[in-house]
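**Student:**
In full-length UniProt numbering, the protein residues as written are 1 to 450.
1) What residues match up with residue 432 in a beta bridge as DSSP calls it?
2) Can you give the Cα-Cα distance for residue 445 and residue 244, rounded to whole angstroms?
3) Tell me the DSSP secondary structure of residue 285 in three-state form.
4) Specify whether the stretch 386-401 and the stretch 122-130 touch according to this definition: at least 3 beta carbon pairs, one from each stretch, less than 8 Å apart.
5) At a cut-off of 7 Å, would you count residue 110 as near the ligand FAD, judging by its Cβ distance to the nearest heavy atom?
6) Which residue's Cα is closest to the Cα of residue 196: 285, 162 and 141?
7) Tell me the rounded alpha-carbon separation between residue 86 and residue 79.
8) What number of angstroms, rounded off, separates the C-alpha of residue 356 from the C-alpha of residue 211?
9) Could you give the first and the last residue of the continuous alpha helix (DSSP H) run that contains residue 103?
10) Ignore the nearest five residues each way along the sequence and tell me which others in residue 224's own chain have a CB closer than 8 Å to its CB.
11) How about residue 353 and residue 361: are their beta carbons less than 8 Å apart?
12) Going along the chain, which residues of its own chain have a beta-carbon closer than 6 Å to the beta-carbon of residue 277, five neighbours each way excluded?
13) From the DSSP output, which residues share a beta bridge with residue 314?
14) Evaluate the contact criterion for the stretch 304-316 versus the stretch 155-168: three or more CB pairs, one atom per stretch, below 8 Å.
15) For residue 93 versus residue 37, is the C-beta distance shorter than 8 Å?
16) From 88, 118, 180 and 108, pick the residue whose C-alpha is nearest to that of residue 347; which is it?
17) How about residue 441 and residue 391: do their beta carbons lie closer than 8 Å?
18) Output needed for residue 61: all residues of its chain with C-beta closer than 6 Å, excluding positions within five of it in sequence on either side, in chain order.
19) Using CA atoms only, rank isn't needed, just tell me which of 288, 424 and 264 is closest to residue 178.
20) For residue 349, count neighbouring C-beta atoms within 10 Å of its own C-beta (all shown protein chains included) and say buried if the count is 16 or more, exposed if not.
21) Measuring CB to CB, does residue 408 end up less than 8 Å from residue 141?
22) Given a threshold of 16 other Cβ atoms within 10 Å of its Cβ, counted over all protein chains shown, does residue 413 qualify as buried or as exposed?
23) Alpha carbon to alpha carbon, how far is residue 188 from residue 202? Give it in angstroms, no decimals.
24) What is the residue span of the alpha helix (DSSP H) that residue 335 lies within?
25) For the stretch 298-310 against the stretch 132-149, are there 3 or more C-beta pairs whose distance is under 8 Å?
26) Mark residue 426 as exposed unless 16 or more other C-beta atoms lie within 10 angstroms of its C-beta, in which case mark it buried.
27) So which of 74, 419, 423 and 411 has the shortest CA-CA distance to residue 439?
28) Do you know whose CA, among 200, 271 and 50, lies nearest residue 233's CA?
29) Counting along the chain, where does the alpha helix (DSSP H) carrying residue 445 start and finish?
30) Identify which residue in 404, 369 and 297 has its Cα closest to the Cα of residue 175.
31) Might you give, ordered along the chain, the residues of its own chain that have their beta carbon closer than 7 Å to the beta carbon of residue 450, omitting 5 neighbours on each side?
32) Count the other C-beta atoms from every protein chain shown that fall within 10 angstroms of the C-beta of residue 27, then say buried if there are 16 or more, exposed otherwise.
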């Protein structure tokens, strides 16, 4: 596996003994790797948690005592990376470049030789923290082939030609929709929710029922027909049926009846956030996941999903390509979404990390894409010093819990880090973390293991 080739002792851990890397093509001399703290951009999207209830705001306030948190303002996302709309600022006066993007452009060897070559001298991922109060849109991201086509056709809506796989790792209880449910569950909702059945139509619903027990292709075709019928319903009809469903659930709840068999509470919550929106019915098509802290979901190309509530660490390929179909005031592209989706029903949508063979405190979330890998480090307070694995990739480290001082062979002075602190680590750089207080440490790290 590419993961274990990167890790561990000896040569697999990359070049560790100084500025030359004898195993690299051409044996060229590299500039000394660098490690430095970052000040990262905050995005105040309307769906974010308000003020100090937001994990993003809490991380910001902890890492920067001068930061003033506005309780009437949403703190939705913390961007850790070199994206042009949120390029991290370098907190090191000895470095002439002001932002991470500028520094990488002039020090491309920091990416690691393979990463530099494959991703044309750019950091291939964007690392984030999300604090979600109201639902994000029902959406999917195109694969590279479709992204190139959409970018040519409508660059105002699809601003680049890259794919956008994503991974979310829960920091708190985190709720989201991800991938199509097993068909038998969808059929149960068609029976229990007549308003849902009305929008799908008898013909498409019958086709889905008849696909049970058949081959996967006919089932996918029937599922696509059902979903397309829903998403292409007239707005007026959707509003009528949604209002009927909301009224029915509200009356049953008022009478003391439990409506959780049709996700009554969630339906009312989504309707309150997005009245009359077609996306409210998507809960009957898509798996509802509630992740515990440390659990993850991986969102590959063409998988429909929506984040609903909670806090998470997210990593993604650098792209802004999103195809939306509901729960949003933004541009909606229903025909493209219905055409592109993966109509493969599946119940098991959790993405499980691997525990490191070399480091008992390290868990690796290694998705089947080259753009990024996420690492979680849970270090008990009884450990005085923790050595971060050297890898042949630039990486970004986030402190979620604990206080440390970071030192490296090339750093002149140790770098203090506490909750919310963010550290850039150049490829093959060795970093040692000394715990400043004997309390448990929780770290997340994004890198690119090729």
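Note that the Cβ used here is the ideal one computed from N, Cα and C, for glycine as well.
**Tutor:** On the basis of the data shown:
1) 387 and 407
2) 47 Å
3) Coil, per DSSP.
4) yes
5) The model on display carries no ligand, and the ligand FAD is accordingly not part of it.
6) 285
7) Cα to Cα, the separation comes out at about 6 Å.
8) C-alpha of residue 356 to C-alpha of residue 211: approximately 42 Å in a straight line.
9) 100-106
10) Cβ-Cβ distances below 8 Å link residue 224 to 338, 341 and 343 in the same chain, with the five nearest sequence neighbours on each side left out; the list follows chain order.
11) In this structure, residue 361 does not lie closer than 8 Å to residue 353 by Cβ.
12) 326 and 327
13) 128 and 168
14) yes
15) no
16) 180
17) no
18) For residue 61, where only same-chain residues beyond five positions count, the Cβ hits under 6 Å are 67 and 69.
19) Closest by alpha carbon: 288.
20) A buried status is given to residue 349, since no fewer than 16 other beta-carbon atoms sit within 10 Å of its beta-carbon.
21) no
22) exposed
23) 14 Å
24) 334-340
25) yes
26) buried
27) Of the candidates 74, 419, 423 and 411, the one whose C-alpha sits nearest the C-alpha of residue 439 is 419.
28) 200
29) Note, residue 445: premise wrong, no alpha helix (DSSP H); beta strand (DSSP E) at 441-447.
30) 297
31) Once the five neighbours on either side are set aside, the close Cβ partners of residue 450 are 2, 114, 115, 118 and 370.
32) Bear in mind that the predicted position of residue 27 carries a pLDDT of just 35, short of 50, making it too unreliable to give a figure here.
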